[in-house]
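A.B. asks: Numbering (this note's numbering), first residue to last: 229 to 576. Here it is, the structure, as structure tokens.
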């Protein structure tokens, strides 16, 4: 039997439920470039009607068999009803239950204004995504303002540390995970003695060194503190905006919490998912897996993010109707305005 997956995993896309002219439906919100949905021509604002000729009405979610072609019927943003064949590739390896989209996209939105979109942070240490993030920032050239788009980013591994390291020049503690046996312990100054992880290696060859360095902590189950990598001063420091939405979760929320706790960026968009637990998964049959929590993540300041969505500084909901009618991305427009206001305030 082919493994089945949600749209997030299979299509690299997320959606929300709302009332439409076709009744209550799922509406695509985040569609990551390079994913199966984007490749098939699906865009934010498209309204899902049927999958494999089956009417899909919330709260039922569509599921997609991996390694097969699936037909999706939707209402395009010009109100045409469209049917596309979506090719859902097989995941790379037995433990990878998602299809990897384009990880990092970067472009300039104007003079000295950079835009960096990161779809996910695959890999436990995240060597590949960390390198792509650094390369993308370098390719932007001289920029003194930066928008980091984490909308639809449902997290992943330690590669998220590279984004946090771009926000501050030195070494700043981020947070740590505690297993369930210690999650209610009074930490106090104990956290100061935890070993620190403060550098993602440039190549996979550096992973064995990490294994040796942190093996004692892993064996004793001692927490390891994430700490920024001291990448040095950047021209855009103090002029960064993070774009988030209801699908921003896990490691991506760690970035948002770090920026909020250290006053390093303006946060624009929707409340985040509030979903950040260390977890493992087991097969439960019929192509599904059950995620089981194994520990809680604490920010350095002591906040627990699980079950506590982060409210942006500027709350801008995804307006799918406006996206359909005018093609406008109001959240991105607000992020640009916030940086323009910051630049004007500094100039004055």
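Built from N, CA and C at the ideal position, the CB exists for glycine as well. Quantities reported herein were computed from a predicted structural model and do not represent experimental measurements.
Between which two residues does the beta strand (DSSP E) harbouring residue 253 extend?
C.D. replies: Position 25 of the chain shown holds residue 253. Its beta strand (DSSP E) spans residues 251 to 259.
A.B. asks: Measure the C-alpha to C-alpha separation of residue 240 and residue 468 and round it to an integer number of angstroms.
C.D. replies: Taking the chain shown and counting its residues from 1, one reaches residue 240 at position 12. Taking the chain shown and counting its residues from 1, one reaches residue 468 at position 240. Taking the straight line from one Cα to the other gives about 26 angstroms.
A.B. asks: For residue 489, I'd like the list of residues in its chain whose CB is within less than 6 angstroms of its CB, leaving aside the five on either flank, ordered along the chain.
C.D. replies: Numbered from its first residue, the chain shown carries residue 489 at position 261. For residue 489, where only same-chain residues beyond five positions count, the Cβ hits under 6 angstroms are 527, 529.
A.B. asks: I'd like to check one pair, residue 314 with residue 300: are the Cβ atoms closer than 8 angstroms?
C.D. replies: Stepping through the chain shown from its first residue, residue 300 is reached at position 72. Stepping through the chain shown from its first residue, residue 314 is reached at position 86. Yes, the Cβ-Cβ distance between residue 300 and residue 314 is below 8 angstroms.
A.B. asks: Name the DSSP beta bridge partners of residue 425, please?
C.D. replies: Here residue 425 is taken as the residue at index 197 of the chain shown, counted from 1. BP columns for residue 425 point to 454.
A.B. asks: Let me check understanding here. Comparing Cα to Cα, which of 254, 362, 259, 271 lies closest to residue 279?
C.D. replies: Residue numbering aside, residue 279 sits at position 51 when the chain shown is read from its first letter. Selected option, being the one with the closest Cα: 254.
A.B. asks: Are the beta-carbon atoms of residue 476 and residue 379 separated by less than 8 angstroms?
C.D. replies: To locate residue 476, count along the chain shown from 1; it is residue 248. To locate residue 379, count along the chain shown from 1; it is residue 151. Yes; because the gap between Cβ atoms is below 8 angstroms, this pair is in contact.
A.B. asks: Around the Cβ of residue 309, are there at least 16 other Cβ atoms within 10 angstroms (buried) or fewer (exposed)?
C.D. replies: Looking up residue 309 in the chain shown gives position 81. Looking at its Cβ environment, which holds fewer than 16 other Cβ atoms inside 10 Å, residue 309 is exposed.
A.B. asks: Just to confirm, are residue 245 and residue 286 a CB contact at a threshold of 8 angstroms?
C.D. replies: For this step, residue 245 is matched to residue 17 along the chain shown. For this step, residue 286 is matched to residue 58 along the chain shown. Closer than 8 angstroms, so yes.
A.B. asks: Would you kindly work out how many angstroms separate the C-alpha atoms of residue 439 and residue 382, rounded to a whole number?
C.D. replies: Locating residue 439 in the chain shown gives position 211, counting from the first residue. Locating residue 382 in the chain shown gives position 154, counting from the first residue. Their Cα atoms are separated by approximately 26 angstroms.
A.B. asks: What are the residues that DSSP puts in a beta bridge with residue 332?
C.D. replies: As a working mapping, residue 332 is identified with position 104 in the chain shown. Paired residues: 346.
A.B. asks: Classify residue 447 as buried or exposed, calling it buried when 16 or more other Cβ atoms lie within 10 Å of its own Cβ.
C.D. replies: As a first step, residue 447 is located in the chain shown; it is residue number 219 there, counting from the start. Exposed, because fewer than 16 other Cβ atoms sit within 10 Å of the Cβ of residue 447.
A.B. asks: On a CA-only basis, which of 296, 458, 330, 305 is nearest residue 316? Give me that one, please.
C.D. replies: Against the chain shown, residue 316 aligns to sequence position 88. For residue 316, the nearest C-alpha among the options comes from 296.
A.B. asks: Please work out which residues of its chain come closer than 7 angstroms, Cβ to Cβ, to residue 579, disregarding the five sequence neighbours upstream and downstream, and give them in chain order.
C.D. replies: In the structure as shown, the chain starts at 229 and stops at 576, and residue 579 therefore has no counterpart that could be examined.
A.B. asks: In the structure shown, what three-state DSSP assignment does residue 317 receive?
C.D. replies: Position 89 of the chain shown, counting from 1, holds the residue named residue 317. Residue 317: coil per DSSP, three-state reduction.
A.B. asks: Can you check whether the CB of residue 542 is closer than 8 angstroms to the CB of residue 562?
C.D. replies: Walking along the chain shown from the start, residue 562 turns up at place 334. Walking along the chain shown from the start, residue 542 turns up at place 314. Taking 8 angstroms as the Cβ cut-off, residue 562 and residue 542 qualify as a contacting pair.
A.B. asks: Using 8 angstroms as the threshold, is the C-beta distance between residue 540 and residue 497 below it?
C.D. replies: Taking the first residue of the chain shown as 1, we reach residue 540 at position 312. Taking the first residue of the chain shown as 1, we reach residue 497 at position 269. Yes. Within cutoff.
A.B. asks: Going by DSSP, which residues form a beta bridge with residue 309?
C.D. replies: Reading the chain shown from its first residue, position 81 is the one you call residue 309. In DSSP, residue 309 forms a bridge with 303.
A.B. asks: Can you tell which of 418, 552, 385 has the C-alpha that lies nearest to the C-alpha of residue 357?
C.D. replies: For the purposes of this step, residue 357 is taken as residue 129 along the chain shown, with counting starting at 1. Of 418, 552, 385, the residue nearest in Cα terms is 385.
A.B. asks: Does the segment 479 to 489 come within contact of the segment 414 to 433, defined as at least 3 CB pairs closer than 8 angstroms?
C.D. replies: They do not touch, by the three-pair rule.
A.B. asks: With distances taken between CB atoms, is the gap from residue 559 to residue 492 smaller than 8 angstroms?
C.D. replies: One-based indexing of the chain shown puts residue 559 at position 331. One-based indexing of the chain shown puts residue 492 at position 264. For residue 559 and residue 492, no; Cβs fall outside 8 angstroms.
A.B. asks: Mapping the DSSP letters down to three states, classify residue 377 as helix, strand or coil.
C.D. replies: For the purposes of this step, residue 377 is taken as the residue at position 149 of the chain shown. Here residue 377 sits in strand by DSSP.
A.B. asks: According to DSSP, is residue 544 helix, strand or coil?
C.D. replies: Counting from 1 along the chain shown, the entry for residue 544 is found at position 316. Residue 544: coil per DSSP, three-state reduction.
A.B. asks: Name the one or two DSSP bridge partners that residue 500 has.
C.D. replies: One-based indexing of the chain shown puts residue 500 at position 272. In the DSSP output, where bridge partners are listed per residue, residue 500 has none listed.
A.B. asks: Can the beta-carbon of residue 456 be found closer than 8 angstroms to that of residue 392?
C.D. replies: The residue labelled residue 456 in the question sits at position 228 within the chain shown. The residue labelled residue 392 in the question sits at position 164 within the chain shown. Yes, these two residues count as a Cβ contact at 8 angstroms.
A.B. asks: With a threshold of 6 angstroms on Cβ separation, who are the neighbours of residue 513 within its own chain once the five nearest residues in sequence on each side are excluded?
C.D. replies: In the chain shown, the residue the question calls residue 513 occupies position 285. Residue confidence for residue 513 is low, a pLDDT of 48 falling below 50, so the modelled location carries little weight; the figure read from the coordinates is stated next. Same-chain partners within the cutoff: there are none.
A.B. asks: For a test of the three-state rule: what should DSSP assign to residue 569, helix, strand or coil?
C.D. replies: For the purposes of this step, residue 569 is identified with residue 341 of the chain shown, where counting begins at 1. Residue 569: helix per DSSP, three-state reduction.
A.B. asks: If you check the beta carbons only, do residue 344 and residue 365 fall under 8 angstroms apart?
C.D. replies: The residue you call residue 344 lines up with position 116 of the chain shown. The residue you call residue 365 lines up with position 137 of the chain shown. Yes, the Cβ-Cβ distance between residue 344 and residue 365 is below 8 angstroms.
A.B. asks: I'd like to confirm the pairing. Which residues does DSSP put opposite residue 433 in its beta bridges?
C.D. replies: Stepping through the chain shown from its first residue, residue 433 is reached at position 205. DSSP lists no partner for residue 433.
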